[in-house]
Amino acid sequence: MTMVGKKSFIVMTLLIPFLILLLGCIPVALAYINSSADSSVTRIAVIDESGNFGAAFKNSPNYRFVVMKGDKAVNAHEFYKNAGEGIDAVMVIPANVLDGQQATIYSENTIDQGTINMLTQCLNDTLVSAKIASFNDPDLESKIEQSQVNAQVKSIKWDEKGDEQEQSAQIASILGMLLSFFIYTFVLSYGAMIMNSVVEEKTNRIVEVIVSSCRPMELMMGKIIGVGLVGLTQFLIWAVLLGIGYLVLGIVAGGAMVATNPEAITAGMNMPGNADMSSGLGDVMTALASINWLSLLGNFVLYFIGGYLLYASLFAGFGSAVDQASDSSQFTLPIIIIMMVALYAGIACMENPSGPMAVWCSIIPFTSPVVMMIRLPFDVPWWQLLLSIVLLYATAMGCVWLSARIYRTGILLYGKKRSFKEVLKWVK
Amino acid sequence: MNFIDVNSVVKQYDGHLALDNVDLHVPQGCIYGLLGPNGAGKTTLIRIINRITRPDSGTVMINGKPLEDKDIANIGYLPEERGLYKKIKVADQIVYLARLKGMPKNLAVSEMEKWLERFELTEWRNRKVEELSKGMQQKVQFITTVIHRPQLLIFDEPFSGFDPVNAEQLKREILQLRDEGATILFSTHNMASVEEICEQITLINHARVVLEGKVGDIKQQHKKNLFMVDVAGCEAIEANENMFEIVPSDEIRGTLIKLNEGVALRDTIAWLNDNYTLTGITEQLPSMNEIFIETVQNK
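Residue numbers (our numbering), protein chains in the order written: chain A, 227 to 654; chain B, 59 to 357.
1) Find the nearest neighbour of Asn318 of chain B within the set B:Gly312, B:Ala328 and B:Ile304, judged by alpha-carbon distance.
2) Using the rule of at least 16 other Cβ atoms within 10 Å of the residue's Cβ for burial, across every protein chain shown, is Leu404 of chain A buried or exposed?
3) At the level of alpha carbons, what is the spacing between Lys651 of chain A and Leu77 of chain B?
4) According to DSSP, simplified to helix, strand and coil, what is Phe646 of chain A?
5) Taking only runs of the beta strand (DSSP E) that begin and end inside the segment 168-242 of chain B, which ones reach a length of at least 3 residues, in chain order?
6) Would you check if the distance between the CB atom of Phe530 of chain A and the CB atom of Phe408 of chain A is smaller than 9 Å?
7) Please decide whether Lys651 of chain A counts as near chain B, where near means a Cβ-Cβ distance under 9 Å.
8) Do we get a CB-CB distance below 9 Å when we pair Ile432 of chain A with the residues of chain B?
9) Between the beta-carbon of Val148 of chain B and the beta-carbon of Val187 of chain B, is there less than 9 Å?
10) Where does Asp365 of chain A fall in DSSP's three states?
11) By Cβ distance, which residues of its chain are closer than 6 Å to Asp63 of chain B, with the 5 residues on each side in sequence left out?
12) Checking contacts by CB at 9 Å: is Ala131 of chain B closer than that to chain A?
13) Using a Cβ cut-off of 9 Å (strictly closer), state whether Asp221 of chain B contacts chain A.
14) Taking beta-carbon pairs under 7 Å, can you tell me which members of the segment 137-158 of chain B lie near chain A?
15) Assign Arg112 of chain B to one of three DSSP states: helix, strand, or coil.
16) Whose C-alpha, out of B:Arg324, B:Lys272, B:Val67 and B:Glu238, is nearest the C-alpha of Ile339 of chain B?
17) With a threshold of 16 other CB atoms inside 10 Å of the CB of Gln199 of chain B, please say whether the residue is buried or exposed.
18) Taking just the CA atoms, how far does Ser286 of chain A sit from Trp519 of chain A?
19) Any idea what DSSP makes of Gly581 of chain A, helix, strand or coil?
20) Measuring only the C-alpha atoms, how far is Ile491 of chain A from Asp605 of chain A?
21) Tell me whether the segment 206-224 of chain B and the segment 239-249 of chain B touch, counting them as touching only if at least three CB pairs, one residue from each stretch, are closer than 8 Å.
22) Do you know offhand how far Asn578 of chain A's Cα is from Ala584 of chain A's?
23) Measure the alpha-carbon distance for Pro85 of chain B versus Ile212 of chain B and round it to whole angstroms.
24) The segment 552-564 of chain A: which residues have C-beta closer than 9 Å to a C-beta of chain B, in chain order?
25) Cβ of Ser629 of chain A less than 9 Å from any chain B Cβ?
26) Can you tell me whether His303 of chain A is helix, strand or coil according to DSSP?
27) DSSP three-state label for Met294 of chain A, please.
28) On the DSSP bridge assignment, give the partners of Asn298 of chain B in chain order.
29) In the DSSP assignment, find the beta strand (DSSP E) that holds Phe285 of chain B and state where it starts and stops.
30) How many angstroms separate the CA atom of Phe544 of chain A from the CA atom of Ile470 of chain A?
31) Of all the residues that make up the segment 71-99 of chain B, which are near chain A by a beta-carbon distance shorter than 8 Å?
32) Indicate the three-state DSSP secondary structure (helix, strand or coil) for Asn356 of chain B in the structure shown.
33) My understanding is that Val453 of chain A touches Ser539 of chain A, with C-beta atoms under 8 Å, so please give their C-beta distance in whole angstroms.
34) Just to confirm before moving on: does the CB-CB distance between Phe557 of chain A and Val649 of chain A stay below 9 Å?
35) Tell me, to the nearest whole angstrom, how far the beta carbon of Ala240 of chain B is from that of Gln209 of chain B; I am working on the premise that it is less than 8 Å.
36) Identify which residue in B:Lys316, B:Phe177, B:Phe350 and B:Lys144 has its Cα closest to the Cα of Val252 of chain B.
Rendered as structure tokens:
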């Protein structure tokens, strides 16, 4: 395995986790830049025809409000013109706003959605309080608060003994998706690596020397197994580095956030959705605990190896038919399309992991490694699992055999571009 | 005893006959030339002996036994299209390829040191192959072919890409390997090198063996009764209808004559001696180049 020794390979192995981390930071950084760049103050004149709600708008670092009680006589446009540069927008609150008439904001420049949301929120809160107050019931506010119910359906699974196990469909599908995405990425990227290595040995002409020392089949399988192990090692390194990276980043970023913007944290805490965060984490834990990890990981390894063998051998076989890396697309495209189909089928199956499409796609060997991963966290009937695995391995063996025959011929033929049909002839 | 016996091997590719009942018998310790024009089937035959491809029918015996997978550790092959991993260091590459042939690592390293020194490549051992000149790459490739001391060496156009000095060194190395007991199968178009080092040859054309035997014998078979005659003075020799005719040639040091059918050489010499002052007469055997062209064009 020649490529492992390359500096670029080692550097990439170590660098990729940082790149991923960096990528993860970009949205945060962008949001930060966005908010800090937007330091200009928006000045809004509020013409309060109702006369009651102008007080809802309080000045903040980014917004200045000029509230005036008005009547219908005031023309918003004229007011805006007279104010000149001093004002960015004019908001008109109609007299009967409490009865459902809409408030309006006027401006010459487009008002951004953030501002509109903020104004709406302010007005809404004030109106709700006003409505509650209009019922003249001092207990009403607490009654309303108590009547807010957050309904959730808990799904409980019986195991063979009838014991109850809590499960979360969402967690299960995310887990399945992760696993299937892992297989998809691994097979595609390392399959392409195998193909490149085959083409490289062929263009180097060293392949003739090598096959005079060992059998083409051995060379091909060595390559597939070698690249597979390299890939796994690489993934392991990435996983470890990423884990460490996220931990470090989390600590640093958390500290920085508290230091620079304590309000944001408290504001975030007070948001209604986040109140469930801690209990949500507990749910995730119990859901994760309810999954049968042994069978999940066992099957994952089985599908991973089977799927990798199947596709990697195809990549190697068709790679041998090509003289230059640039010609390889005609053969890689069909493989990639099949993989894409598998991935999309997998995503579609998340909706209904026991539906007919999910069942079929998880049995057809070309899609099963990806799709079955999505079904696995939901229990799959054992006969389907068995059938799927047997089919997958049978097809993988078939592909290895087929590719070995193509490879044997392909690596020694140079010159013209080969068509698909011609390549399939070599199998004979 | 023959080291390689190829018996009536047939190989067909997709409607095209690459080898048609080919026989090849290479004696032990011989430098054997495998000749033929491009596309005649030489490379296919070499690949069959290498077990890279299998014959459709026919057998290959090595050392009296049918060729098996384990025998390839005993073969060194220098393909016509040279190839090495460009990004790998010279030393790593040689050791890797030697170990592929089943050599233990320590032995591979110590043998490599010897060969690198012999080819004056020691200071290049930690360079990548792509940094080497073409000639040096050829030497590295040669080392990878012979390092495991195989009993059978197959060289496909070994001299191509070598300058005369290096080609001479290579020739010496090949002869020494032969003296140490290796059998050498040598595929080439370069007839001058065939005359220099091959003891026997097989000529393949259009997938068939068309000529086969010892280089000396073949030359004898193809001789055309041509003699170079040198006489004292500047007298021009005139043709003698009963004995010989004059063959036009570029040669300025003598006159080329062709004896008539059935005329004895001693009679001709006697006649020449009577009429001129004969200073020398040598038989002109055809060169392998002439034989090659004649044979290939006649078929």
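Just so it is clear, CB atoms sit at the ideal spot from N, CA and C, and this is done for glycine as well.
The answer reads as follows:
1) Position 260 of the second sequence, counted from the start, is the residue given in the question as residue 318 of chain B. Of the listed residues, the one whose Cα sits closest to Asn318 of chain B is B:Ile304.
2) Along the first sequence, one-based indexing puts residue 404 of chain A at 178. The residue is exposed, with fewer than 16 neighbouring Cβ atoms inside 10 Å.
3) Here residue 651 of chain A refers to the residue found at position 425 of the first sequence. Here residue 77 of chain B refers to the residue found at position 19 of the second sequence. If I take the Cα positions, the gap works out to 20 Å.
4) Indexing the first sequence from 1 puts residue 646 of chain A at position 420. In this structure, Phe646 of chain A counts as helix in the three-state DSSP scheme.
5) The qualifying runs are 210-214.
6) In the first sequence, residue 530 of chain A corresponds to position 304, counting from 1. In the first sequence, residue 408 of chain A corresponds to position 182, counting from 1. Yes, these two residues count as a Cβ contact at 9 Å.
7) As a working mapping, residue 651 of chain A is identified with position 425 in the first sequence. Yes, Lys651 of chain A lies at the interface with chain B (some Cβ there is under 9 Å from its Cβ).
8) Locating residue 432 of chain A in the first sequence gives position 206, where the first residue counts as 1. Taking 9 Å as the threshold, the shortest C-beta distance from Ile432 of chain A to chain B falls below it.
9) As a working mapping, residue 148 of chain B is identified with position 90 in the second sequence. As a working mapping, residue 187 of chain B is identified with position 129 in the second sequence. Their beta carbons are under 9 Å apart, which means Val148 of chain B touches Val187 of chain B by this criterion.
10) Along the first sequence, read from residue 1 onward, the residue named residue 365 of chain A stands at position 139. Here DSSP, grouped into helix, strand and coil, assigns Asp365 of chain A to coil.
11) As a first step, residue 63 of chain B must be located in the second sequence, where it is residue number 5. If we look at Asp63 of chain B and ignore the five residues flanking it on each side, its Cβ neighbours are His83 and Met119.
12) Here the question's residue 131 of chain B lines up with position 73 in the second sequence. Answer yes: the Cβ-Cβ gap between Ala131 of chain B and chain A drops below 9 Å somewhere.
13) Looking up residue 221 of chain B in the second sequence gives position 163. Asp221 of chain B has a beta carbon lying at 9 Å or more from every beta carbon in chain A.
14) Within the segment 137-158 of chain B, the qualifying residues are Pro137, Glu139, Arg140, Gly141, Leu142, Tyr143, Lys144, Lys145, Ile146, Leu155 and Leu158.
15) The count along the second sequence starts at 1 and reaches residue 112 of chain B at position 54. Coil.
16) As a position in the second sequence, residue 339 of chain B is number 281, starting the count at 1. Considering only alpha carbons, the answer is B:Arg324.
17) Residue 199 of chain B sits at position 141 when you count from the first residue of the second sequence. Around the Cβ of Gln199 of chain B, a 10 Å sphere holds 16 or more other Cβ atoms; the residue is buried.
18) In the first sequence, counting from the first residue as 1, residue 519 of chain A sits at position 293. In the first sequence, counting from the first residue as 1, residue 286 of chain A sits at position 60. Going by the C-alpha atoms only, they are around 51 Å apart.
19) Along the first sequence, one-based indexing puts residue 581 of chain A at 355. Three-state result, Gly581 of chain A: coil.
20) By one-based count along the first sequence, residue 491 of chain A stands at place 265. By one-based count along the first sequence, residue 605 of chain A stands at place 379. Reliability of the predicted coordinates at Ile491 of chain A is poor, the pLDDT of 46 falling under 50, and the value obtained from them is presented with this limitation in mind. Spanning the two alpha carbons is a distance of roughly 40 Å.
21) At 8 Å Cβ cutoff, the stretches touch.
22) What you label residue 578 of chain A is simply residue 352 of the first sequence in a count that begins at 1. What you label residue 584 of chain A is simply residue 358 of the first sequence in a count that begins at 1. Answer to the nearest angstrom: the Cα atoms are 7 Å apart.
23) Counted from its first residue, the second sequence places residue 85 of chain B at position 27. Counted from its first residue, the second sequence places residue 212 of chain B at position 154. Near 14 Å, if we compare the C-alpha coordinates of Ile212 of chain B and Pro85 of chain B.
24) Within the segment 552-564 of chain A, not one residue has a Cβ closer than 9 Å to any Cβ of chain B.
25) Counting from 1 along the first sequence, the entry for residue 629 of chain A is found at position 403. With 9 Å as the cut-off, Ser629 of chain A does not count as an interface residue toward chain B.
26) Here residue 303 of chain A refers to the residue found at position 77 when the first sequence is read from its first residue. Residue state for His303 of chain A is assigned as helix, using DSSP reduced to three classes.
27) Position 68 of the first sequence, counted from the start, is the residue given in the question as residue 294 of chain A. Residue state, collapsed to three classes: strand.
28) By 1-based counting over the second sequence, the position of residue 298 of chain B is 240. Bridge partners of Asn298 of chain B: B:Phe302.
29) Against the second sequence, residue 285 of chain B aligns to sequence position 227. For Phe285 of chain B, the enclosing beta strand (DSSP E) stretches over residues Leu284 to Val289.
30) Taking the first sequence and counting its residues from 1, one reaches residue 544 of chain A at position 318. Taking the first sequence and counting its residues from 1, one reaches residue 470 of chain A at position 244. Those two C-alpha atoms are separated by around 39 Å.
31) From the segment 71-99 of chain B, only Asp72 have a Cβ closer than 8 Å to chain A.
32) Locating residue 356 of chain B in the second sequence gives position 298, where the first residue counts as 1. In the three-state DSSP reduction, Asn356 of chain B falls in the helix class (H, G or I).
33) Start at 1 with the first residue of the first sequence, and residue 453 of chain A comes out as number 227. Start at 1 with the first residue of the first sequence, and residue 539 of chain A comes out as number 313. Their Cβ separation, rounded to whole angstroms, is 11 Å, which puts Val453 of chain A and Ser539 of chain A out of contact at 8 Å.
34) Sequence index remark: in the first sequence, residue 557 of chain A carries index 331 (1-based). Sequence index remark: in the first sequence, residue 649 of chain A carries index 423 (1-based). The answer is yes: Cβ separation under 9 Å.
35) On the second sequence, position 182 is the one that residue 240 of chain B refers to. On the second sequence, position 151 is the one that residue 209 of chain B refers to. The Cβ separation is near 6 Å, so the contact holds.
36) Here residue 252 of chain B refers to the residue found at position 194 when the second sequence is read from its first residue. It is B:Phe350.
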